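For the sequence shown, counting from 1, position 228 maps to 230 in this note's numbering; every step adds exactly one.
Just so you know, even glycine gets a beta-carbon here, dropped at the ideal spot from N, CA and C.
If you're wondering where the values come from, they're calculated on a predicted model, not measured in any experiment.
The structure appears right after this line, and notes come after that.
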Amino acid sequence: MQAILDKNKGWIDETWAKIETKLRRNSELCRHKIPLQTIDGVYDDHSGGKCAAWTNGFWPGIMWLMYAATKEETFKETAENAENALDTALEDFNCLFHDVGFMWHISAGANFKLTGNEKSKNRNLHAAAVLAARYNVNGEFIKAWNEEGFEGWVIIDCMMNIPLLYWAAEQTNNIAFKQIAMHHADTSLRDHIRPDGSVYHIMDYDIETGECKGPAPSTQGYDPETSSWSRGQAWAIYGYALSYIHTGEQRYLDAAKKVAHYFMTAVVPDDYVPRADFRAPEEPVYYDTSAGAIAACGLIEIAKAVPDFEKKMYMQAAINLMKALVDKHCDWSEEEQAILQNSSACYAKGVHETWIYGEYYFVEAMYKLKGFEPLFW
Ligand code: GLY
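Okay, here's the thing in structure tokens:
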């Protein structure tokens with residue numbers, strides 16, 4: 003594995019230097035913002051109001067990655083501003099849902115990990131308690147959303163939220179957090195992952211008996227039943243790799259590998275740039291570059307976890323995905339504040355735009371390739 007990293011060192015260093023330059027400037031420009039996407043090249047701001055968008059942890063997360071890598075105060079200051087702004091959401095219980103992991107574990111959780119800030123630790127523990135409280139005992143799952151009619155809906159994305167629970171178990175010495183995370187991971191493994199390694203977005207459960215009723219109509223992919231929404235596949239790869247890291251359970255690593263094998267094959271026809279849905283018609287062509295960056299993060303963790311003779315294929319796949327993004331889908335100019343272009347919110351909505359989650363995972367993947375630590379998840 004080291005040989006592949008050494009072979010690509012020039013490209014990795016050059017890309018990272020460009021990331022630092024661009025994000026140093028963005029840190030100043032967005033000192034009091036929580037951006038979601040760029041409009042005409044300029045980041046918008048979601049720091050006001052209830053502040054409970056699932057995406058609001060990614061901007062401080064990017065800033066903490068940069069702080070961990072550079073120790074430059076500008077990144078820390080911008081990250082702390084965003085974390086403080088998120089308090090309005092944390093104090094409003096009814097507006098919180100399963101994405102508290104995305105929102106706090108890479109903002110407050112990263113802050114605590116890097117600086118030991120007790121207030122941040124407390125914020126993250128509150129977020130973990132909110133997530134754990136969403137657990138359905140009979141169905142052994144964490145419910146996704148609050149809306150009426152969605153009571154039994156469980157989504158693959160939640161695999162990225164449960165690292166917050168593994169962390170909370172360690173911090174509090176309360177194993178219940180870890181047990182909830184593992185029960186959820188096992189339910190999702192059984193029901194979300196299809197035999198061929200593709201993944202459903204949403205499964206629906208009877209909230210009284212816990213019985214799985216089958217897939218619910220997803221709006222993320224092309225088709226509710228047959229879809230293979232690429233970002234969902236990427237959440238599964240990275241999410242199961244993280245569950246393996248936190249538990250050491252081989253079944254989670256095997257699940258990550260299985261979805262990864264499917265993903266690695268599905269991106270080949272488009273030269274490693276993921277379509278928004280791998281099972282959509284050939285035309286129109288909708289890419290989701292965020293899926294490539296998320297999958298790359300997961301593949302790098304798989305490469306670290308597997309025996310020596312397997313490492314190369316996962317690391318090479320991660321580099322192929324990242325090179326495809328850097329070669330064709332990055333904007334390093336000052337006219338456009340986001341680096342990663344052509345992410346998608348979902349199939350046919352918000353396609354080929356800049357989205358902060360794509361930016362976050364792009365930076366995280368390059369941070370990993372550079373060998374920086376720690377892992378925030
Ligand atoms: N977690 C929401 C999404 O990936 O769109």
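Check, Outcome
"Just to confirm the assignment, what range does the alpha helix (DSSP H) spanning Gly234 have?", "232-249"
"Under DSSP, the beta strand (DSSP E) around Val156 begins and ends at which residues?", "155-157"
"Using the Cβ count rule (16 or more neighbours within 10 Å means buried), how would you classify Gln252?", "exposed"
"Look at the Cβ atom of Gly151, then the Cβ atom of Lys145, and state whether they are nearer than 8 Å.", "no"
"In this structure, how does DSSP classify Asp256 when only helix, strand and coil are distinguished?", "helix"
"By a C-beta neighbour count over all protein chains shown, 10 Å radius and 16 as the cutoff for buried, is Gln4 buried or exposed?", "exposed"
"Grouping DSSP H, G and I as helix and E and B as strand, with all else coil, what is Glu79?", "helix"
"Under the three-state reduction of DSSP, which class applies to Cys332: helix, strand or coil?", "strand"
"Reducing DSSP to helix, strand and coil, say where Thr228 ends up.", "coil"
"What separation, rounded to the nearest whole angstrom, lies between the Cα atoms of Tyr207 and Trp18?", "44 Å"
"Let me check you understand the geometry: is the CB of Gln222 closer than 7 Å to at least one non-hydrogen atom of ligand 1?", "yes"
"How big is the Cα-Cα spacing for Tyr202 and Lys9?", "37 Å"
"Closer than 7 Å: is that where the CB of Asp159 sits relative to any heavy atom of ligand 1?", "yes"
"Beta carbon of Trp66, beta carbon of Ile108: below 8 Å?", "yes"
"Please report how far the alpha carbon of Ala81 lies from the alpha carbon of Tyr254, in whole angstroms.", "32 Å"
"Exposed or buried, which one is Asp310 when buried takes at least 16 other CB atoms within 10 Å?", "exposed"
"Assuming contact is defined by CB atoms lying nearer than 8 Å, are Ala134 and Leu92 in contact in what I supplied?", "no"
"Is the number of C-beta pairs between the region 180-200 and the region 111-123 that are closer than 8 Å three or more?", "no"
"Can the beta-carbon of Gln341 be found less than 8 Å from the beta-carbon of Ile21?", "Residue identity check: residue 341 is Ile in the sequence provided, not Gln. Yes, they are a contact pair."
"Less than 8 Å between the C-beta atoms of Trp334 and Lys24, yes or no?", "yes"
"Provide the residue(s) that pair with Arg277 in DSSP beta bridges, ordered along the chain.", "Tyr289"
"State the DSSP-derived secondary structure class of Tyr137, mapped to helix, strand or coil.", "strand"
"How many angstroms separate the CA atom of Arg33 from the CA atom of Asn83?", "7 Å"
"Trp147 to Gln222, Cα distance in whole Å?", "15 Å"
"Would you say Arg233 touches ligand 1, meaning its beta carbon is less than 7 Å from a heavy atom?", "yes"
"Rounding to the nearest angstrom, what Cα-Cα distance links Met306 and Ala87 in this structure?", "Contrary to the premise, residue 306 reads as Lys rather than Met in this sequence. Rounded to the nearest angstrom, the two C-alpha atoms are 35 Å apart."
"Report yes or no: do the region 369-376 and the region 340-356 share at least 3 C-beta pairs separated by less than 8 Å?", "no"
"Name the two residues that bound the continuous alpha helix (DSSP H) containing Gly360.", "358-371"
"Rounded to the nearest angstrom, what separates Asp42 and Glu336 at their Cα positions?", "12 Å"
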